[in-house]
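Using our numbering, read the sequence shown as starting at 6 and increasing by one per residue.
Idealized CB from N, CA, C, for every residue including glycine.
A quick note: this is a predicted structure, and the numbers were derived from the prediction, not measured.
Following: one structure in structure tokens, then a few remarks.
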Amino acid sequence: MEIPFQAWQAAQQEELANWQHTIGTTRDILAEMADSAALDGFMASVSELRKVFEQGSIEALEVGVGPLGLGWVGLFGNAASVRAWAIDPLPLLPVELVPDKDLASFISQKRRNYRFFQAAAEEAQFPPERMQLIVCDNVLDHAQKPLVILKNCWRWLSVHGFLVVGVNTLSLAGLIKWRLLQRVRPTNRNFVMHPHCGTHRAWRSALVRAGFCITREQGPAIVRRILGHAMRSYFACQKKL
Ligand SMILES: C[S@@+](CC[C@H](N)C(=O)[O-])C[C@H]1O[C@@H](n2cnc3c(N)ncnc32)[C@H](O)[C@@H]1O
6 MEIPFQAWQA AQQEELANWQ HTIGTTRDIL AEMADSAALD GFMASVSELR
56 KVFEQGSIEA LEVGVGPLGL GWVGLFGNAA SVRAWAIDPL PLLPVELVPD
106 KDLASFISQK RRNYRFFQAA AEEAQFPPER MQLIVCDNVL DHAQKPLVIL
156 KNCWRWLSVH GFLVVGVNTL SLAGLIKWRL LQRVRPTNRN FVMHPHCGTH
206 RAWRSALVRA GFCITREQGP AIVRRILGHA MRSYFACQKK L
């Protein structure tokens, strides 16, 4: 579960170009917000997570918030009792690139909900057991060393803290098709931007290997695990000792 640095750099170049387009297109910004709302919907369905927010003041981190600078932490992590952080290897893009003035002012207001550090999650330094909540949505299949990221998240979480993951997953048939097409067209943008691909089960195993207990998961039903289209799987994972 590791790709060469150069392959990750190529993925990040495509990623940046993609975000430069997104930030200039109102419809694409709204689509990104809808993605974060889907993650929030999953989080709202996990009763154990509600207990984390009821603890009083908590520290939360979003890994790979994205150059738009919204993410879950920007849009939903604004409770008075949450001290929030966000990291991404790419810089936050200037809000002046947003075509709609009101939307630009909304985004700059949301960015104030957290402190941002430009860093890859494999290299970032946070004190151990600092966070009660870490969110990592649509990042692992874009990263260089996803398992190292998961192990870092485990280290940064306090005992009983939660990692919430959203990750693109393929069915078994989809995985075979992906690997075949990737060989034929390795420079295709979609393959460059997603250096890792896996089934719901494979990502679940990676989370368990990093030390997490899966409290709740949302993924494809049995038939779709074999034959279905790509989809976003969600996992709520707890650090237990
Ligand atoms: C598809 S975007 C998702 C952004 C955001 N989480 C969202 O859902 O809108 C993938 C993000 O992962 C970030 N990323 C890639 N490799 C990473 C790494 N090693 N550590 C942290 N973030 C990474 C990229 O820079 C990019 O912002």
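Assigned exposure category for residue i - 16 Cβ within 10 Å defines buried
{"i": "S27", "result": "A quick correction: the sequence has Thr, not Ser, at residue 27. Buried, by the Cβ-count rule."}
{"i": "F10", "result": "exposed"}
{"i": "E64", "result": "buried"}
{"i": "N157", "result": "buried"}
{"i": "R188", "result": "exposed"}
{"i": "I219", "result": "exposed"}
For residue i, the nearest candidate out of the options (CA to CA)
{"i": "M236", "options": "R206, A211, T174 and V213", "result": "T174"}
{"i": "R116", "options": "P99, A129 and Q130", "result": "P99"}
{"i": "F122", "options": "Q187, I92, C202 and N143", "result": "I92"}
{"i": "G216", "options": "W90, A43 and H165", "result": "H165"}
{"i": "S163", "options": "L180, I154, P133 and L186", "result": "P133"}
{"i": "R209", "options": "H199, C242, I231 and R190", "result": "C242"}
{"i": "S41", "options": "T30, S86 and V169", "result": "V169"}
{"i": "G29", "options": "L102, R214 and Y119", "result": "L102"}
{"i": "I112", "options": "W24, L80, A84 and S238", "result": "L80"}
{"i": "V68", "options": "T204, D146 and E19", "result": "D146"}
Straight-line gap, residue i to residue j (C-alpha atoms, nearest Å)
{"i": "W183", "j": "F196", "result": "8 Å"}
{"i": "A49", "j": "L138", "result": "14 Å"}
{"i": "A178", "j": "G224", "result": "16 Å"}
{"i": "C202", "j": "A226", "result": "19 Å"}
{"i": "E222", "j": "L212", "result": "11 Å"}
{"i": "K56", "j": "F167", "result": "11 Å"}
{"i": "V228", "j": "R135", "result": "40 Å"}
Where residue i sits in the DSSP three-state scheme
{"i": "S86", "result": "coil"}
{"i": "H201", "result": "coil"}
{"i": "A65", "result": "strand"}
{"i": "F217", "result": "coil"}
{"i": "A49", "result": "helix"}
Cutoff 8 Å; reference residue i; Cβ partners in own chain excluding five residues on either side
{"i": "A15", "result": "V197"}
6 Å CB neighbourhood of residue i in its chain, flanking five on each side removed
{"i": "A36", "result": "none"}
Sequence-distant residues of the same chain with beta carbon closer than 7 Å to residue i, five excluded per side
{"i": "F47", "result": "Q223 and Y239"}
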